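Student:
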Amino acid sequence: MKQRVFSGIKPTGHLTFGHYSTAGKWPALAEQYDCIYCVVDLHAVTVTLEPQVLRQDTRELYATYLALGLDPEKNILFLQSHVPAHSELSWLLSCHTMFGELSRMTQFKDKSKNNANNINAGLFTYPVLMAADILLYDAKIVPVGEDQKQHVEIARDICLRFNGKFGDVFTVPEPQIAKTGARVMNLLEPEKKMSKTDDNDNATIFIMDERDTIIKKIKRAVTDSDGGVRFDPENKPGVANLMTIYSVATGKTFDEIEKEFDGKGYGIFKPAVAEAVADCLEPVRLKIRGYLDDTARLDAYMRDGAERANAIAVKTLERVRNAMGFYKC
Ligand code: TRP
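In this note's numbering, the protein residues as written are 297 to 625.
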């Protein structure tokens, strides 16, 4: 049996060129592992969201995953709110999670600071729901960014505590922090990762951006006064990032890129990057539109994903209920 990978993404904001880059690994990942991708809409409502925005962002995220080439036959792609077991297991796990350990979560502390007028209980128990996501599917591997490592670690702690009390009910998960592959950085502050929730839209290339917008953003991207196209992330982070982006868009290596732009300045390099990015994102954007315009097809994929996820989740939940001693008749 293949090991299972579980990955969750919040339906807030639009996906970026960084996600486009990650999507390149999906086919190989699907060969090696049993992959489950979850649109975590229940996590999204820990911050204030207009209902129509949640609905729209959820559909767009799902459509984007499909358009990026995630094969819904070889993977499971579903919405968290379509599988009730997430909420139920979250409650059960919350009774095995300590107030003290949740209080130490750095994301909770940061979010409370930024959301001072809405520090709700969901924000506090967010990691418990995330633990439920992971444990429901016996996921062994959870690929996350550095910022989510602490949440996977608490999921692991909850899991070990639960197993210690009730027997080996859950598979013990591990965080996997991507070390290989392209890291696409913020266009204006190339020391930071490109993020879908940055305050400044100009720092991020969105998959849904039109050609003109992409050209404008790359034109404004930070470079340096040295003028040469060389891969030196230490001293030339902005140029290194544009080279990474160009490499993802064209498949060219850094060596090839350096040769291509040898003796040429950023005035030649930047428009080439912009054109390459616009060319590779355009078909994806059109596919996303296609899915969004065909609700019947999109809904059918969502229903199928939910059904397959649910079939796994209810079995785990049954194991948990039995282990904990819930009366069955
Ligand atoms: N908290 C994650 C984030 O903000 C999203 C998430 C929810 C997740 N449940 C998950 C990620 C389970 C991995 C596994 O990025």
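Beta carbons: idealized from backbone N, C-alpha and C, even for Gly.
If you're wondering where the values come from, they're calculated on a predicted model, not measured in any experiment.
Please go through the region 419-501 and give each complete beta strand (DSSP E) segment of 3 or more residues, from N-terminal end onward.
Tutor: Qualifying beta strand (DSSP E) stretches, in chain order: 437-440 and 470-473.
Student: So if DSSP puts ARG300 in a beta bridge, which residue, or which two residues, is it bridged to?
Tutor: Answer is ASP330.
Student: First and last residue of the beta strand (DSSP E) that includes LEU375?
Tutor: Segment 372-375, the beta strand (DSSP E) holding LEU375.
Student: Examine ligand 1 and report whether any of its heavy atoms sits within less than 8 angstroms of the Cβ of LEU398.
Tutor: For ligand 1, not one heavy atom lies less than 8 angstroms from the Cβ of LEU398.
Student: I believe PRO307 touches LEU357 by the beta-carbon criterion, under 8 angstroms. Please report the beta-carbon distance rounded to the nearest angstrom.
Tutor: Rounded, the Cβ-Cβ distance is 4 angstroms, consistent with contact.
Student: Which residue spans inside the region 545-576 form an unbroken alpha helix (DSSP H) run of at least 4?
Tutor: Runs found: 550-556.
Student: If contact is defined by three or more beta carbon pairs under 8 angstroms, each pair taking one atom from either stretch, is the region 299-313 in contact with the region 336-350?
Tutor: Yes, the region 336-350 touches the region 299-313.
Student: Going by DSSP, which residues form a beta bridge with VAL626?
Tutor: Limits of the chain in this structure are 297 at one end and 625 at the other, which puts residue 626 out of reach.
Student: Taking C-beta to C-beta, are ILE501 and PHE374 nearer than 9 angstroms?
Tutor: It is not a contact, given that the beta carbons lie outside the stated cut-off.
Student: Take every Cβ of the region 537-547, pair it with every Cβ of the region 467-480, and state whether three or more of those distances are shorter than 8 angstroms.
Tutor: Yes, the region 537-547 touches the region 467-480.
Student: Kindly indicate the opening and closing residues of the alpha helix (DSSP H) around GLY396.
Tutor: Here the alpha helix (DSSP H) through GLY396 covers 395-399.
Student: On a CA-only basis, which of ASP528, GLU485, ASP522 and VAL544 is nearest ARG516? Give me that one, please.
Tutor: Of the listed residues, the one whose Cα sits closest to ARG516 is GLU485.
Student: Using only the alpha-carbon positions, how far apart do ALA605 and SER377 sit?
Tutor: Cα-Cα distance, rounded: 11 angstroms.
Student: Under the three-state reduction of DSSP, which class applies to THR342: helix, strand or coil?
Tutor: If DSSP states are grouped into helix, strand and coil, THR342 belongs with coil.
Student: Given a threshold of 16 other Cβ atoms within 10 Å of its Cβ, counted over all protein chains shown, does SER383 qualify as buried or as exposed?
Tutor: By the neighbour-count rule (16 or more Cβ atoms within 10 Å), SER383 is not buried but exposed.
Student: Out of curiosity, what's the CA-to-CA distance linking VAL465 and PHE458?
Tutor: Roughly 8 angstroms separates the two Cα atoms.
Student: Given this structure, state the Cα-to-Cα distance separating GLN403 from ASP558, to the nearest angstrom.
Tutor: C-alpha separation (whole angstroms): 44 angstroms.
Student: Which residue from LYS548, GLY586 and LYS560 puts its Cα closest to that of ALA572?
Tutor: Of the candidates LYS548, GLY586 and LYS560, the one whose C-alpha sits nearest the C-alpha of ALA572 is LYS548.
Student: DSSP state of THR312, grouped into three classes?
Tutor: Looking at THR312 - three-state DSSP - the assignment turns out to be strand.
Student: Classify PHE404 as helix, strand or coil using the three-state DSSP reduction.
Tutor: If DSSP states are grouped into helix, strand and coil, PHE404 belongs with the helices.
Student: Measuring straight from C-alpha to C-alpha, what distance separates ILE553 and GLY523?
Tutor: Rounded to the nearest angstrom, the two C-alpha atoms are 15 angstroms apart.
Student: Could you tell me whether any non-hydrogen atom of ligand 1 is closer than 8 angstroms to the CB of LYS321?
Tutor: The answer is no for LYS321.
Student: Tell me the rounded alpha-carbon separation between LYS566 and TYR316.
Tutor: For LYS566 and TYR316, the distance between alpha carbons rounds to 19 angstroms.
Student: Select from GLU603, ALA428 and SER491 the residue whose C-alpha is nearest the C-alpha of VAL448.
Tutor: Comparing Cα-Cα distances from VAL448 to each of GLU603, ALA428 and SER491, the minimum goes to ALA428.
Student: Less than 8 angstroms separating the Cβ of SER521 from some heavy atom of ligand 1?
Tutor: No, the Cβ of SER521 stays beyond 8 angstroms of every heavy atom of ligand 1.
Student: For MET297 and ILE437, what's the separation of their Cα atoms in angstroms?
Tutor: Approximately 14 angstroms, taken between the alpha carbons.
Student: From MET620 to ALA609, what distance separates their C-alpha atoms?
Tutor: In a straight line, the C-alpha of MET620 is about 17 angstroms away from that of ALA609.
Student: Spatial neighbours of CYS576 within its chain, please: C-beta separation below 6 angstroms, excluding the five flanking residues on both sides.
Tutor: Taken in chain order, the residues that qualify are ALA545.
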